[in-house]
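First comes the structure, then the notes that go with it.
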Amino acid sequence: LLCGRSSLLYLLVERRALLLTPTNMAFGLMTALYPSKVTVAVKHQLGAPAVGWLYALSGGTAAATTLLMMPLTQLVGGRSCCIGFGAFCFGVAALWLSLCDDRCELRLSWHSWALLFVLYGCGVAAWQACIMALVGDVFKGDPRAAFAHLKLTSGLTSFAGFMLAPAISSQALAAGCFCLTLLGAACFGGLLLLLCMRRRGSEAVAILAVSSCNSASVACSQSHVTSTEPPPDHAEPHPPALEKASRHGP
121 LLCGRSSLLY LLVERRALLL TPTNMAFGLM TALYPSKVTV AVKHQLGAPA VGWLYALSGG
181 TAAATTLLMM PLTQLVGGRS CCIGFGAFCF GVAALWLSLC DDRCELRLSW HSWALLFVLY
241 GCGVAAWQAC IMALVGDVFK GDPRAAFAHL KLTSGLTSFA GFMLAPAISS QALAAGCFCL
301 TLLGAACFGG LLLLLCMRRR GSEAVAILAV SSCNSASVAC SQSHVTSTEP PPDHAEPHPP
361 ALEKASRHGP
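Position one of the sequence shown corresponds to residue 121 (my numbering), numbered consecutively onward.
The following block contains the structure:
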């Protein structure tokens, strides 16, 4: 338990986890914006049954988007594109709500509300499917602490959003979601750059290690051949007595 706590505390200052934190916070604040503000506006304008239908539409959109993302994530760079698409959907929805005044917020058409919930479902699908998979791949050494960090950052942001919702306007909360989404997209680009640099560094180290091993093996084989090679043949000189005998005969 103590080791798990220390790992979680380390992730609070670890560079890769820090670069993922704004994205987690954007998701957490969006999940506070919709239930606390958007749901109230939909109920006030369209009635309580419309809230259920719109959230069903959002859930169906999230499921369909996840199915469409599954083959894309197998391609090179596909998961990053899916995460960028989710951030785009969150950003458009948050910007739309932040630009509405109170009367506009309460008087959107049914199609506008449906589009807002479709955007929300796409963003949720990208976060739950791709960000969680990315965390599992990046933090293979200690995935439990990494997932705990993910839920901690998004959960605390949701808690703060629900606590602040009664005191601030919908536009202010939506503007905060938009700013966090932009920050999360920028930090995600930084994370991709960091991972690329580390991958290249590890490949260079691996190539250097392989070349060193090959050089060592070649040197060992050469020394083995040298040690097992027989000495060159030298003609043994005849003793002087035998040379004289061969000259004068018997």
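By construction, the Cβ of each residue, glycine as well, lies at the ideal position given by its N, Cα and C atoms. On a predicted model such as this, the values are computed, not experimentally measured, just so you know.
Whole alpha helix (DSSP H) runs in the region 153–182 with 4 or more residues, listed along the chain?
159–166
Only counting the same chain, and skipping five residues up and downstream in sequence, which positions put a Cβ closer than 7 Å to that of R135?
L314
Segments of 4+ residues assigned as alpha helix (DSSP H) that fall wholly inside the region 215–265
222–226, 230–246, 252–258
Do you know offhand how far L122's Cα is from A265's?
Model confidence at L122 stands at a pLDDT of 34, short of 50, so the residue's coordinates are unreliable and nothing is read from them.
Going by the beta-carbon positions, is the gap between T143 and I203 smaller than 9 Å?
yes
Report yes if the CB atom of T181 is closer than 9 Å to the CB atom of C307, and no otherwise.
no
So the candidates are Q248, A287, L217, L236; which of them puts its Cα closest to the Cα of L270?
Q248
If distances are taken between C-alpha atoms only, which option among L300, L235, P155 comes closest to A146?
L300
What would DSSP say about I203, mapped onto helix, strand or coil?
helix
Can you give me the Cβ contacts of W216 inside the same chain, cut-off strictly under 7 Å, excluding the 5 residues immediately before and after it?
L236
Between the region 190–201 and the region 285–303, do at least 3 Cβ pairs fall closer than 8 Å?
no
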